[in-house]
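Participant:
Next comes the structure, spelled out in structure tokens:
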């Protein structure tokens with residue numbers, strides 16, 4: 003064994019030396035390389051893993067760009083082309099620099115640039131990732147040809163992406179800090195830096211900015227973490243079995259030598275916990291699976307610090323979707339709210355008419371696993387508007403109005419829902435209504451109403467601007483779906 | 002940064018114990034020599050120590066309290082916003098530490114409560130090495146301090162009675178502390194003062210030692226193993242009023258004309274954690 007051990011050591015040394023040589027002498031010919039490999043294979047055959055073998059560790063280098071890119075390889079610039087970013091915005095500028103001789107130059111295009119409306123890209127290491135666990139921030143110096151607010155910059159390829167959205171560039175060099183939410187997660191990161199800069203705050207006109215001295219650093223002055231989920235709000239909502247919920251509003255706020263800096267953080271920085279995993283549970287991507295009836299509250303920690311905000315779910319059962327409308331010729335339907343057709347634009351699904359309206363919901367509609375549904379609660383009356391900033395609806399050619407309604411409560415004698423249409427809102431306005439009595443509806447079941455437009459008694463229905471649901475609080479909790487005019 | 006700074010207290014301690022070197026060390030300190038061989042501390046005879054080992058209220062043989070908003074009800078002359086109490090919500094000893102906690106709450110007309118401990122009438126001393134190991138709170142409006150006040154302020158009105166601020170700190174600058182001396186002609190905004198900044202570290206994430214060594218005609222200020230300032234009669238623009246007994250004060254003030262009010266980012270409660278207070282004589 004002694005002999006073997008020595009041999010193994012020799013072998014490892016040889017390997018290391020050769021690796022170093024191979025790096026240095028790139029034009030080493032393949033013949034000699036092959037011979038070396040054969041030799042190494044021969045002496046190493048039949049041996050077990052030696053005690054001295056070490057597992058691969060990733061570079062702990064922090065520098066990304068000083069005078070040039072540091073260790074990023076050759077093919078490392080990836081513009082966000084699918085999002086509409088312009089591809090050729092990036093160059094190394096040897097005339098402008100914060101320190102020494104060069105900087106990264108980004109030319110943000112005009113909003114109407116045919117090549118792309120903004121500058122956005124990520125620098126991804128062409129090679130293996132880096133171990134960033136000993137750093138606490140990404141820092142860089144930047145300046146621009148004009149002051150520009152709300153630039154987004156960050157790092158992280160995907161799973162551990164971090165973005166700071168409130169960066170303001172000025173015309174002189176300023177050092178910026180993007181704190182790492184939890185560096186212990188970054189054992190192998192390839193996404194070194196990304197940026198997204200548009201012209202929303204510069205009247206659509208492009209500008210140039212420069213970045214220099216980009217590096218991960220251990221500042222030692224980053225502390226006092228205040229993580230948050232759901233933007234720090236304690237949200238209470240109904241949920242349905244098999245309808246997952248994506249957790250959003252995930253952020254980490256850290257104090258950098260006196261200044262609070264908030265970054266958005268990918269869900270994988272957080273550890274999620276459920277009070278009842280038989281009801282709901284969240285995975286590392288922040289997706290909450292709803293698996294059973296009951297109540298469960300999802301909370302989160304980031305690096306063992308409790309995040310502000312939580313999600314309390316009340317799961318009654320599976321979601322009962324409205325019946326799917328039939329396929330129709332596009333010319334035969336004007337859809338206000340349906341996933342089955344292309345919807346027209348509306349001003350709102352809840353006008354919140356003060357002071358008499360109590361109705362909540364519809365702002366915005368629920369997103370049930372990609373299917374939009376309106377849930378009006380505390381209903382007395384509520385209107386869907388199409389008269390302020392969007393065209394009114396010309397229903398002259400249509401014959402019927404379709405609405406699916408599900409009443410989520412017990413129905414008493416005397417309960418009703420009236421559907422009212424207003425034509426030419428605020429300008430010789432006319433209205434007509436159709437009332438549906440209690441026996442039209444059944445608790446917890448979808449009812450499809452197909453109302454002949456003639457029943458509204460409107461002389462002119464070419465400028466429909468409001469559609470009201472009126473219950474006078476007799477029925478207070480309804481789901482509404484598939485609102486469309488058709489012929 | 003002052004050249005006096007860089008010195009290891011631990012390397013020098015051995016030297017201090019050798020009498021032959023003692024004279025030399027003292028000479029260096031008193032002559033304000035900026036030589037690299039500057040010692041940080043010389044006084045080794047422990048005369049008072051509270052290690053905060055007894056749970057509950059602070060040891061009443063050392064500590065008494067200032068209660069309220071100051072003798073004139075004006076936030077101790079600084080428009081400070083807190084009401085000082087001796088309740089456990091604001092001051093207690095726990096797990097070997099003294100905790101002075103500033104709370105945001107309505108109390109006796111104030112919006113904040115906190116605590117101010119002092120050794121007045123219990124431990125007063127002229128000259129010596131006064132040292133405490135402290136982790137500081139953070140956030141705009143927090144103004145903790147570890148300081149000494151002349152024991153004759155009742156008759157010899159401040160600033161004539163003298164004030165030595167061993168450590169003051171503003172919560173929105175968590176990397177900076179400062180040490181000051183106040184006397185007639187050099188008080189409040191005109192006090193003789195100097196900042197000390199941490200590099201790659203901050204005062205609210207770990208414990209640091211704050212101390213002075215005070216003798217006839219000098220006060221040396223140090224943080225951890227770094228001596229960062231010396232104040233002598235030549236430095237002050239008035240009478241030197243530091244040749245009589247002083248007592249210790251530790252407090253966490255909230256708001257007022259100096260730190261400004263807490264803002265929306267200030268997190269409450271905030272606690273100053275004190276590991277020990279020790280006083281040495283030469």
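Residue numbers (my numbering), protein chains in the order written: chain A, 3 to 489; chain B, 2 to 283.
Ideal placement from N, C-alpha and C gives every residue a C-beta, glycine not left out.
What you are looking at is a predicted structure, and each value in this text was computed from that prediction instead of being measured.
1. Tell me which residue opens and which closes the beta strand (DSSP E) that residue 166 (chain A) is part of.
2. Which value, in whole angstroms, describes the spacing of the CA atoms of residue 73 (chain B) and residue 88 (chain B)?
3. Which chain E residues sit within Cβ distance under 7 Å of residue 136 (chain B)?
4. Is the beta carbon of residue 229 (chain B) sitting closer than 9 Å to the one on residue 195 (chain B)?
5. In whole angstroms, give me the CA-to-CA distance for residue 153 (chain B) and residue 216 (chain A).
6. Suppose the cutoff is 8 Å on Cβ atoms and the five residues either side in sequence are ignored; what does the same chain contact list for residue 327 (chain A) look like?
7. My guess is that residue 241 (chain A) and residue 292 (chain A) are in contact by the Cβ rule of under 8 Å, so how many angstroms apart are they, rounded?
8. Go ahead and label residue 250 (chain A) buried or exposed: buried means 16 or more other beta carbons lie within 10 angstroms of its beta carbon, across all protein chains shown.
9. Name the two residues that bound the continuous beta strand (DSSP E) containing residue 108 (chain A).
10. Note down, in chain order, each residue of its chain lying with its Cβ closer than 7 Å to the Cβ of residue 480 (chain A), except the 5 sequence neighbours on either side.
11. Is it buried or exposed for residue 461 (chain A), if we count other Cβ within 10 angstroms and need 16 for buried?
12. In the structure shown, what three-state DSSP assignment does residue 442 (chain A) receive?
13. Shorter than 9 Å from the beta carbon of residue 72 (chain B) to some beta carbon of chain A?
14. List, in chain order, every chain A residue whose beta-carbon is nearer than 8 Å to that of residue 205 (chain B).
15. Would you mind telling me which residues of chain A sit closer than 7 Å to residue 266 (chain B), beta carbon to beta carbon, in chain order?
16. Helix or strand or just coil, what does DSSP make of residue 161 (chain B)?
17. Pick from A:296, A:135 and A:307: whose alpha carbon is nearest that of residue 314 (chain A)?
18. Could you give the distance in angstroms between the alpha-carbon of residue 44 (chain B) and the alpha-carbon of residue 181 (chain B)?
19. Using alpha carbons as the reference points, say which of B:204, B:101 and B:79 lies closest to residue 252 (chain B).
20. For chain B, is any of its Cβ atoms less than 9 Å away from the one on residue 220 (chain A)?
21. Distance check for residue 139 (chain B) and residue 175 (chain B), CA to CA, integer angstroms please.
22. If I measure Cβ to Cβ from residue 338 (chain A) and keep anything under 8 Å in the same chain, skipping five residues before and after, which residues do I get?
23. Using a C-beta cutoff of 9 Å, does residue 257 (chain A) count as contacting chain B?
24. Where does the unbroken beta strand (DSSP E) through residue 220 (chain B) begin, and where does it stop?
25. Does the pairing of the segment 255 to 264 of chain B with the segment 68 to 83 of chain B give three or more beta-carbon distances under 8 Å?
26. What would DSSP say about residue 84 (chain A), mapped onto helix, strand or coil?
27. Anything in chain A within Cβ reach of residue 202 (chain B), meaning under 9 Å, just list it in chain order.
28. Could you compute how far the alpha carbon of residue 268 (chain B) sits from the alpha carbon of residue 316 (chain A)?
29. Using a beta-carbon distance cut-off of less than 7 Å, what residues from the segment 160 to 188 of chain B approach chain A?
30. Can you check which of these residues, A:473, A:310, A:400 and A:199, is closest to residue 119 (chain A) by C-alpha distance?
31. Rounded to whole angstroms, what's the CA-CA distance from residue 97 (chain B) to residue 288 (chain A)? Just pull it up for me.
32. Counting only beta-carbon separations shorter than 9 Å, does residue 199 (chain B) have a partner in chain A?
33. Please list the terminal residues of the continuous beta strand (DSSP E) segment that includes residue 246 (chain A).
34. With a threshold of 9 Å between beta carbons, is residue 222 (chain B) in contact with chain A?
35. From the beta carbon of residue 277 (chain B), is the nearest beta carbon of chain A less than 9 Å away?
Facilitator: Looking at the coordinates:
1. Here residue 166 (chain A) refers to the residue found at position 164 of the first chain. From DSSP, the beta strand (DSSP E) with residue 166 (chain A) extends over 164 to 171.
2. Position 72 of the second chain holds residue 73 (chain B). Position 87 of the second chain holds residue 88 (chain B). Rounded to the nearest angstrom, the two C-alpha atoms are 22 Å apart.
3. Within the model displayed, chain E is absent; protein chains A and B are what it includes.
4. Within the second chain, residue 229 (chain B) is the residue found at index 228, counting from 1. Within the second chain, residue 195 (chain B) is the residue found at index 194, counting from 1. Contact flag set, yes.
5. Residue 153 (chain B) sits at position 152 when you count from the first residue of the second chain. Residue 216 (chain A) sits at position 214 when you count from the first residue of the first chain. Here the alpha carbon of residue 153 (chain B) sits roughly 57 Å from the alpha carbon of residue 216 (chain A).
6. By one-based count along the first chain, residue 327 (chain A) stands at place 325. Within the same chain, residue 327 (chain A) has close Cβ partners 340, 342, 343, 404, 484 and 486.
7. Residue mapping note: residue 241 (chain A) aligns to position 239 of the first chain, counting from 1. Residue mapping note: residue 292 (chain A) aligns to position 290 of the first chain, counting from 1. The Cβ separation is near 5 Å, so the contact holds.
8. Reading the first chain from its first residue, position 248 is the one you call residue 250 (chain A). The C-beta of residue 250 (chain A) has fewer than 16 other C-beta atoms within 10 Å across all chains shown, which makes the residue exposed.
9. Along the first chain, read from residue 1 onward, the residue named residue 108 (chain A) stands at position 106. Where residue 108 (chain A) is concerned, the enclosing beta strand (DSSP E) stretches over 105 to 110.
10. Within the first chain, the letter at position 478 stands for residue 480 (chain A). Within the same chain, residue 480 (chain A) has close Cβ partners 378, 381, 407, 408, 409 and 410.
11. Numbered from its first residue, the first chain carries residue 461 (chain A) at position 459. Residue 461 (chain A) should be labelled exposed.
12. Position 440 of the first chain holds residue 442 (chain A). Per DSSP, reduced to three states, the secondary structure at residue 442 (chain A) is helical.
13. By one-based count along the second chain, residue 72 (chain B) stands at place 71. Judged by the 9 Å Cβ criterion, residue 72 (chain B) is not in contact with chain A.
14. In the second chain, residue 205 (chain B) corresponds to position 204, counting from 1. Neighbours of residue 205 (chain B) on chain A, chain order: 225 and 226.
15. Walking along the second chain from the start, residue 266 (chain B) turns up at place 265. Residues of chain A passing the Cβ test: 262.
16. Within the second chain, residue 161 (chain B) is the residue found at index 160, counting from 1. Three-state DSSP puts residue 161 (chain B) in coil, outside helix and strand.
17. For the purposes of this step, residue 314 (chain A) is identified with residue 312 of the first chain, where counting begins at 1. Minimum Cα-Cα distance from residue 314 (chain A) among the listed residues A:296, A:135 and A:307 corresponds to A:296.
18. Within the second chain, numbered from 1, the residue matching residue 44 (chain B) stands at position 43. Within the second chain, numbered from 1, the residue matching residue 181 (chain B) stands at position 180. Distance between the alpha carbons of residue 44 (chain B) and residue 181 (chain B): 20 Å.
19. By one-based count along the second chain, residue 252 (chain B) stands at place 251. Nearest C-alpha to residue 252 (chain B): B:101.
20. Along the first chain, one-based indexing puts residue 220 (chain A) at 218. Answer yes: the Cβ-Cβ gap between residue 220 (chain A) and chain B drops below 9 Å somewhere.
21. Here residue 175 (chain B) is taken as the residue at index 174 of the second chain, counted from 1. Here residue 139 (chain B) is taken as the residue at index 138 of the second chain, counted from 1. Answer to the nearest angstrom: the Cα atoms are 6 Å apart.
22. Start at 1 with the first residue of the first chain, and residue 338 (chain A) comes out as number 336. For residue 338 (chain A), where only same-chain residues beyond five positions count, the Cβ hits under 8 Å are 345, 346, 348, 386, 388, 395, 469, 485, 486 and 487.
23. Numbered from its first residue, the first chain carries residue 257 (chain A) at position 255. Interface residue (Cβ-Cβ distance to chain B less than 9 Å): residue 257 (chain A) is classified as such.
24. The residue you call residue 220 (chain B) lines up with position 219 of the second chain. Note, residue 220 (chain B): beta strand (DSSP E), 219 to 224.
25. With a cut-off of 8 Å, the segment 68 to 83 of chain B and the segment 255 to 264 of chain B count as touching, because enough Cβ pairs lie within range.
26. The residue labelled residue 84 (chain A) in the question sits at position 82 within the first chain. In this structure, residue 84 (chain A) counts as helix in the three-state DSSP scheme.
27. Along the second chain, one-based indexing puts residue 202 (chain B) at 201. For residue 202 (chain B), the chain A residues whose C-beta falls within less than 9 Å of its own C-beta are 222 and 223, listed in chain order.
28. Here residue 268 (chain B) refers to the residue found at position 267 when the second chain is read from its first residue. Here residue 316 (chain A) refers to the residue found at position 314 when the first chain is read from its first residue. Pairing residue 268 (chain B) with residue 316 (chain A), the inter-Cα distance amounts to about 32 Å.
29. Hits within the stretch, in order: 173, 174, 175 and 176.
30. Here residue 119 (chain A) is taken as the residue at index 117 of the first chain, counted from 1. By alpha-carbon distance to residue 119 (chain A), the top candidate from A:473, A:310, A:400 and A:199 is A:199.
31. Counting from 1 along the second chain, the entry for residue 97 (chain B) is found at position 96. Counting from 1 along the first chain, the entry for residue 288 (chain A) is found at position 286. Roughly 40 Å between the two C-alpha positions.
32. On the second chain, position 198 is the one that residue 199 (chain B) refers to. With 9 Å as the cut-off, residue 199 (chain B) counts as an interface residue toward chain A.
33. Position 244 of the first chain, counted from the start, is the residue given in the question as residue 246 (chain A). Careful: residue 246 (chain A) lies outside any beta strand (DSSP E) and carries neither H nor E.
34. Sequence index remark: in the second chain, residue 222 (chain B) carries index 221 (1-based). Answer no: the Cβ-Cβ gap between residue 222 (chain B) and chain A never drops below 9 Å.
35. Within the second chain, residue 277 (chain B) is the residue found at index 276, counting from 1. No, its Cβ sits nowhere closer than 9 Å to a Cβ of chain A.
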